[in-house]
Amino acid sequence: MSNNRQSTKYAIYAVAVLSAALINGFILKYVKRHIDQQGYLLVLIDMLVVVLIFAPAFALVTSYAKKLSKVYLKTSKKLSNRNNGMLLGFIVAIIILFILYANLRHNINVINDLKALISG
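Mapping the sequence shown onto our numbering, position 2 (from 1) lands on 1273, and the numbers just tick up by one.
This is the structure:
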């Protein structure tokens, strides 16, 4: 049971960190597009955005990690394979984050590429 709790905790942290970084990327992209600043002021804005995004994200994850782990453990007892629910949720979250990261950071449209691959 402790192993499941640790796995759930790490999965929650991983998704939270990736989500916070993605939000940070969206905000910085917006700032660079709409605020005409360069140099040191842009660096300060960047640092402020990181603190404003990551500090609450980690505080939220810390406070909710225990609650989510307990809910997961109760739910997983009802399932035949305890790891399936957490693993499936984690995989779905990672796929969604992958698609968003590809689009934001690398201008790759994963959905269009998959549609083109399937339609041949």
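Glycine included, each C-beta is placed from N, C-alpha and C at the ideal position.
Compute the Euclidean distance between the alpha carbons of residue i and residue j, then round it to the nearest angstrom.
i	j	result
Ile-1306	Gly-1391	42 Å
Ser-1278	Asp-1384	32 Å
Arg-1276	Leu-1319	33 Å
Leu-1293	Leu-1299	10 Å
Leu-1323	Val-1314	14 Å
Phe-1361	Tyr-1281	10 Å
Ile-1379	Lys-1386	13 Å
Gly-1310	Val-1363	38 Å
Val-1372	Asn-1295	Just to set this straight, residue 1372 is Tyr in the shown sequence, not Val. Roughly 11 Å separates the two Cα atoms.
Asn-1274	Asp-1317	37 Å
Leu-1312	His-1377	25 Å
Rounded to the nearest angstrom, how far is the Cβ of residue i from that of residue j, given a contact under 8 Å?
i	j	result
Phe-1297	Leu-1375	6 Å
Leu-1368	Leu-1289	5 Å
Val-1381	Ile-1370	5 Å
Ala-1287	Ala-1328	5 Å
I'd like the span of the alpha helix (DSSP H) that includes residue i, first residue to last.
i	result
Ile-1382	1381-1390
Decide if residue i is buried, meaning its Cβ has at least 16 other Cβ atoms within 10 Å, or exposed.
i	result
Ile-1283	buried
Ala-1291	buried
Ala-1330	exposed
Arg-1304	exposed
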